[in-house]
Every structure is written in C-alpha cells, then in structure tokens.
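The block underneath contains the structure these notes are about, expressed in structure tokens.
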Amino acid sequence: MQKERLFSQKLYLFLKGLAMGAANKVPGVSGGTVSFVLGFYEELIYSFKKVNINAFKLIISGRFKSFYTYINGQFLLLVMGGSIFSYFSISLVLDYFLEHYELYVWSWFFGMIIGSIYYIGRGFGEWNRSNIFSLMLGVAVGLGVSFLTPAGENDNLWFVFICGIIGVSGMTLPGLSGSFILILMGNYVLLLVDSVNALFFVATELLVGNFDVLAVPEEIRYLKIILVFTAGSIFGLVAISHLLGYVLKRFNAIVTAVIIGFITGSLGIVWPWKEALFTTEKGVFLLDNSGHKIIENYQRFIPNFSHSETWIAILYIILGLSLILIIDFYGRKKK
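Counting along the sequence shown from 1, when you hit position 90 you're at 162 in the numbering used here, and nothing is skipped either side.
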C-alpha cells in the first residue's frame, strides 16, 4: 500500500533525490550510499521491484491509477524527479566546485563516506566469520575497482546497453559508483557528456521548429546511443533491484557486510590528494566537445602537512563526517 505523506515529507524526499542525483554524477561517489544513509534505500529497492509483469498487466488493461499505487509511484516520482532535476541544478553547482575547489570537494565526500561506514556499521549486530569474510570481499572488490585502468571509448549499441545496466548500479549498490564504472568502461564522456549535450541541443532545436536537425547523422547517432543507454539503465534498475530484493530478504547480514566493504573500498576512489592522469589511446589528454579535460584516472599521494590547504582539506573531511553524524543523531532522536 502506498504511504500517505505530508507536504513536508514529500519535500524532504525530493531533496533526498537531489542529493542522490548529485552523488550519482560524481565519479567515485555512489548514489546508493546516499539513499542508504538517508534512510530510503530499502523503499527504493522495494519500489523498483514492483516494476514487474503485474505492473505491465495493469498498464495494458488501462488501470493507470492502480499501476501508480502498485509501483509506489509517489515515492518514485519524488525521488527520481529530484535526481533528474539535480542533474540540471545541484550537480552543475557541484561541477563548478569540482573544477575550482577540487581538493575540498573530494575531502568533503571522503569525510561523508567515513561517516557512512560508521552509520551503517553501528547497528550491524554480530560480526561472525561469514560476515567478516563478506566485509573483506567487499573491501577487496571496492579497492580493486578503484585502481583499474580505463578502457577506450566504444559506441557499439550492445556495449552501450550493457553500460546502461552497469552504470545504473551506483543507484542500487551502495559504495559502487556508476559514473566511475563508466569511466573504466571508457564511455563516461560519450554517455554522460556528448550524448546528453546532443539530446539537449536536438530538443532545443525541435522546440523552435527546426526539424532539419533530425537529418544530421551525428545528432541521430547520439540520440540512438542515449536511447539505448536509457533502455539499459531502466532494465538494469529493475533487474538489479529484483536481485537485491531477493538477497536482502534472505541474506541481509551478509549483503550489508558486503555493502560496508564496498563503501570502505570506495575510499580509494575519493582519496582527496590525487593528481589527474589522462591515459587514453588518443594521447595524454581526453577532451569533451567544449575542450575541457575529462579525468580518466588518478595518481594518489600523501599530503604535505606543511601546506595550509592540507589542513583546510582535513577540516572539510571533519565537516563531511560531522554531517553524517548529525543525520544519525536526529534519525535516532525521531525514533
């Protein structure tokens, strides 16, 4: 049954969607972690699970109101609406700060992820042998992913569809960054920069009545790519959510231990002190259509504690950690 929510609760849920959307766009940060910490992860997975054969039967029979209630439509609209809106608002602000204050942004995220590990681990329960093994497995996979070398760009539509399935994993798997996975697969720029820009350009031209844009082969190519990527993402959301719903119900402790491990391993990706490496077959730099450099990989280093910016970065780590602890404090106070 769909929950009845007050206006304040709807607004708060939309803001949570904003936060998840902003996190999903940043390589190294998982929107799933945000949903886990902000307390709507299980409802998110439950709602995605409801997109099944029964839901499609309701659509086919014209029972749209029943379909909306069945899939927990109000929740999905608020969260996904917030995530989509974030891409054109909050995430643009985040892009600006990443470009001009990169060290401090990564420090903030680093602190938040440390806080998230505490937040999830605090109420875990008993750490037996199988749970500890699951934790170590999650850490190993998370660290392994963070040190992989990116591949080259591949616009084959089947590969793009797979990118959609894997790329959306950051929304459903806490600790696993979908954006970073797309970088490793070589298609971050193609799918989240070039294709999105092409979609925006084509939509703008069509709105002003310029239908000639549909005759431009390059624009049609990008539209096909983003359509297939979107289809893969939708398929991935539903498929992964069904799988997660199944394993969470039967192996909750083990899955949670793996998630804590994933999040811990992702600290290697968001380590604040790193230098960008641009390693592609096209040369030492990879550029988007605007001529901006796209970071493909990093070389991490130990900070110099004689520099004032190092201590400012540490302050941002503490602020990020404190934010999660405050969320945890007020969350417990409400119970």
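Glycine included, C-beta positions come from ideal geometry on N, C-alpha and C.
As the structure is a computational prediction, the values presented were derived from the model and not from experiment.
- Does the beta-carbon of Gly196 have 16 or more other beta-carbons within 10 angstroms, so that it is buried, or is it exposed? Against the sequence shown, residue 196 aligns to sequence position 124. Here the sequence assigns Phe to residue 196, which means Gly is not the residue at that position. The residue in question, Phe196, is exposed, as its Cβ has fewer than 16 Cβ neighbours within 10 Å.
- Message: Suppose contacts are defined by Cβ-Cβ distances below 8 Å. Is Gly317 in contact with Lys82 by that definition?
- Response: The residue labelled residue 317 in the question sits at position 245 within the sequence shown. The residue labelled residue 82 in the question sits at position 10 within the sequence shown. In this structure, Lys82 does not lie closer than 8 Å to Gly317 by Cβ.
- Task: Kindly indicate which three-state DSSP category Arg77 falls into: helix, strand or coil?
- Result: Numbered from its first residue, the sequence shown carries residue 77 at position 5. DSSP places Arg77 in coil when its eight states are reduced to three.
- Message: Mapping the DSSP letters down to three states, classify Arg372 as helix, strand or coil.
- Response: Here residue 372 refers to the residue found at position 300 of the sequence shown. Looking at Arg372 - three-state DSSP - the assignment turns out to be strand.
- Using the Cα positions of Val211 and Leu393, report the straight-line distance between them to the nearest angstrom. The residue given as residue 211 occupies position 139 in the sequence shown. The residue given as residue 393 occupies position 321 in the sequence shown. Straight-line Cα distance between these residues: approximately 20 Å.
- Task: Scan the region 177 to 223 and note each continuous alpha helix (DSSP H) run of 4 residues or more that stays entirely inside, going in chain order.
- Result: Taking only runs of at least 4 residues, the alpha helix (DSSP H) segments lying wholly in the region 177 to 223 are 201 to 218.
- Query: Are Ala95 and Val106 touching if we call contact CB-CB under 8 Å?
  - Reply: For the purposes of this step, residue 95 is identified with residue 23 of the sequence shown, where counting begins at 1. For the purposes of this step, residue 106 is identified with residue 34 of the sequence shown, where counting begins at 1. Yes.
- Task: Could you tell me if Ala329 is buried or exposed, where buried requires 16 or more neighbouring beta carbons within 10 angstroms of its beta carbon?
- Result: Position 257 of the sequence shown, counted from the start, is the residue given in the question as residue 329. That one is buried.
- Exposed unless 16 or more other CB atoms sit within 10 angstroms - verdict on Phe169: Looking up residue 169 in the sequence shown gives position 97. Phe169 should be labelled exposed.
- Task: Could you name the residues that DSSP lists as bridge partners for Lys346?
- Result: Within the sequence shown, numbered from 1, the residue matching residue 346 stands at position 274. Per DSSP, Arg372.
- Alpha-carbon spacing of Phe139 relative to Gln146, whole angstroms: Along the sequence shown, one-based indexing puts residue 139 at 67. Along the sequence shown, one-based indexing puts residue 146 at 74. Approximately 11 Å, taken between the alpha carbons.
- Message: One question on the structure: do Val232 and Phe301 come within less than 8 Å of each other, judged by their Cβ atoms?
- Response: Numbered from its first residue, the sequence shown carries residue 232 at position 160. Numbered from its first residue, the sequence shown carries residue 301 at position 229. Yes, these two residues count as a Cβ contact at 8 Å.
- Message: In whole angstroms, give me the CA-to-CA distance for Tyr142 and Gly333.
- Response: Counting from one through the sequence shown, the residue named residue 142 turns up at place 70. Counting from one through the sequence shown, the residue named residue 333 turns up at place 261. The C-alpha of Gly333 is placed about 33 Å away from the C-alpha of Tyr142.
- Message: Could you compute how far the alpha carbon of Val288 sits from the alpha carbon of Gly187?
- Response: On the sequence shown, residue 288 is found 216 positions in, with the first residue counted as 1. On the sequence shown, residue 187 is found 115 positions in, with the first residue counted as 1. CA-to-CA, the gap between Val288 and Gly187 works out to about 49 Å.
- Whose CA, out of Cys235, Leu209, Phe219 and Leu229, lies closest to the CA of Val342? Position 270 of the sequence shown holds residue 342. Closest option to Val342, Cα to Cα, is Phe219.
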